[in-house]
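J.:
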Amino acid sequence: MGNGYKLTTYHEPAPVAMKVVTIGVTKFATRSLGMVNDIPISAWVYPENRLDGFNDYAVATDVMSYFIDNIGPYAYAKLANMQAKTQWGGLENAGTIAYFENSVTGNKEVEGLIAHEIAHQWFGNSATEKSWNHVWLSEGFATYFTILYLESVYGNERRKKELKTDKKEIIDYYKINPSPIIDLSIKDPMKVLSKNTYEKAGWVLNMLRHKLGDEVFWNGIRQYYKTYANSNVLTEDFRTVMENVSGENLESFFNQWLFIEGHPVVKWNWKYKNEKIKISIEQIQDHHTFNFPLEIGVFYGETMKTETLQIDSKSEKLDISTDKKPDKILLDPESWLLFEEN
Ligand SMILES: [Zn+2]
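Just add 65 to the spot in the sequence shown (first one is 1) and you have the working numbering.
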């Protein structure tokens, strides 16, 4: 400019929510990690972390491919993965993700974090919640789409492992903070981030997927993203899309899992009599009776047979006919239901 200053103009063609606008300024080392569907993916790390950082962030290309293939087109001009001073583990700024400084170790320890922040480019950045009370549309989605990505790479056992860890945290959190995922009593946006809006909301998507089946679930997700990309959205908009795609009324599902606090706390036992497995199940929480399908794993040695029972009342007695006494019975062996065994 003739005065010793240099003017740089950045242009991002997609609309960007102000909460996810960022500029990173320091001395960086940078490398291209590759192109995915014509989107340049890059790593930006401190020069002294150059080799480890490029290695740690390289998985971003696999994550991008997975989400583009399964959800829909990426909204922004590029994806930069940046080592940064952030008070969070990561911050999903549109097109330029900030990861905490010690995310660089050289051991690829932050694959889950990278998947979470990249998932936000679709959910939270492009399709953005219209109200902070609906932030689960951002954080619950990023949480569950990380699990979906990890499941696609490492298999179903990894999904179960992640959900098991999350379930424990959800139950512990509920004991101290009995509140629903969409808690309209929260007025301070700094208070909407919690185990409810991350982990429990992720679990809700897991249950929705199971309720609809994989094909309908994914069709619904693609339709939802197509409809609300680069736009604002509320929970009822998401519900409407999923109802239209599935042909199912999801009102009670959304209501009990998102607007009502807690989860089923189940007390149960079984016995074998007259060629029947007799199962007695009681929901012992007082505030609400949940409706849900409950999978029961019936074990003969190592072989498991799954039966699904619909639970619609506080206490139910159910019979499963079988000519042999099972060795073991497990509730929800495949981790499709958020509940607590008493
Ligand atoms: Zn997040």
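Yeah, the Cβ is synthetic: ideal placement off N, Cα and C, and Gly gets one too.
Quantities reported herein were computed from a predicted structural model and do not represent experimental measurements.
Check whether the Cβ of H199 lies closer than 7 Å to any heavy atom of ligand 1, and answer yes or no.
T.: For ligand 1, not one heavy atom lies less than 7 Å from the Cβ of H199.
J.: Are the CB atoms of T87 and N190 nearer to each other than 8 Å?
T.: No; because the gap between Cβ atoms is not below 8 Å, this pair is not in contact.
J.: Report back the beta-carbon spacing between S386 and L228 to the nearest angstrom; my notes put them in contact at under 8 Å.
T.: With 8 Å as the limit, S386 and L228 do not qualify as a contact, their Cβ atoms being about 31 Å apart.
J.: For D117 and T170, which I take to be in contact (beta-carbon distance under 8 Å), what is that distance rounded to the nearest angstrom?
T.: Sure, about 7 Å apart at Cβ, within 8 Å.
J.: Over what stretch of residues does the beta strand (DSSP E) that includes W335 continue unbroken?
T.: Element bounds for W335: V330 to K338.
J.: Hey, out of K336, E166 and N356, whose CA is closest to P391's CA?
T.: It is K336.
J.: Residues in its own chain within less than 6 Å of A123 by CB, not counting five upstream and five downstream?
T.: Same-chain partners within the cutoff: L98.
J.: Quick one: residues in its chain with C-beta nearer than 6 Å to the C-beta of E182, no 5 flanking neighbours on either side, listed in chain order?
T.: For E182, where only same-chain residues beyond five positions count, the Cβ hits under 6 Å are G155, E157 and I162.
J.: Give a single yes or no on whether E264 has its beta carbon closer than 7 Å to a heavy atom of ligand 1.
T.: No - ligand 1 has no heavy atom lying nearer than 7 Å to the Cβ of E264.
J.: Quick one: is L202 buried, meaning 16 or more other Cβ sit within 10 Å of its Cβ, or exposed?
T.: Buried is the call here.
J.: Given a cut-off of 8 Å on the beta-carbon distance, is the pair E234 and E264 in contact?
T.: Contact flag set, yes.
J.: Using only Cβ atoms and a threshold of 5 Å, which residues come within that distance of a heavy atom of ligand 1? Order them by chain position.
T.: Going by the Cβ distance cut-off, the answer is E204 and A207.
J.: With I179 and N146 assumed to form a contact (beta carbons below 8 Å), what rounded beta-carbon distance in angstroms separates them?
T.: 7 Å between Cβ atoms; contact.
J.: On the premise that V257 lies in contact with N198, defined as a C-beta separation below 8 Å, what is that separation, rounded to the nearest angstrom?
T.: Confirmed, about 7 Å.
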